[in-house]
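First comes the structure, then the notes that go with it.
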Amino acid sequence: MRELFDARCAYCGVHEDAVGATLTIDHHRPRTRGGTGDAENLVYACARCNEHKGAYWHEHDLPHVRLLHPGRDDLTHHLRETDDGSVAGLTREGEFFVQRLRLNRPQLVAYRRMRRSEVELNAELAATRRHVEALERKVLDLRSALESAADEIERRLKGS
Ligand SMILES: [Zn+2]
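What follows is the structure, given as structure tokens:
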């Protein structure tokens, strides 16, 4: 279960390591609404998302909008992460998903920003490493050019 969801909450994306604990198993269709314990009804979820989701089931509860299933629905069609780290719904289901699960709680926005700057820093680090490697190659080339020049001078001095 954990491996299937990459140790992340399938709703908000927070990682176990950031929570400091294993997460919970959510029944997408709540047991009280006829949901089963079948794998396809189970979602690895953080305690807060699980709590916010509650026993909602669109066939019984207002506003009767289906809650997206992270394993079955392609969330990228319904949600968009903005530059400030918040999430916006692109569809009615997406909007409801954000609102029901409170996906813009301040700690999540901060978490997304942190992950984003981590990605940016890693890209910068990789670019810096490539630059250093290029400089090292240049130094080696210059050193061998200098050695050849020194050899040539020595040869000429001996010859004269
Ligand atoms: Zn969550």
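Going by our numbering, the sequence shown opens with residue 966, and the numbers climb by one from there. Using N, Cα and C, we set each Cβ at its ideal position, and we do this for glycine too.
The C-beta distance from R998 to H1025 rounds to 6 Å, short enough to fall under 8 Å. Under the three-state reduction of DSSP, L1007 is assigned to strand. The alpha carbon of A1012 has as its nearest neighbour, out of R1102, H1029 and D991, the alpha carbon of D991.
For Y976, the shortest C-beta to heavy atom distance toward ligand 1 is below 6 Å. Rounded to the nearest whole angstrom, the CA to CA distance from F1062 to T1056 is 10 Å.
Taking 3 residues as the shortest admissible run, the region 1046-1101 contains the following complete beta strand (DSSP E) segments, listed from N- to C-terminal end: 1052-1054. In this structure, C974 lies near L988, with their beta-carbon atoms less than 7 Å apart. Remark: the shortest separation between the CB of V1074 and any heavy atom of ligand 1 does not fall under 6 Å.
Judged by their CB atoms, V1084 and G1050 are not nearer to each other than the 7 Å cut-off.
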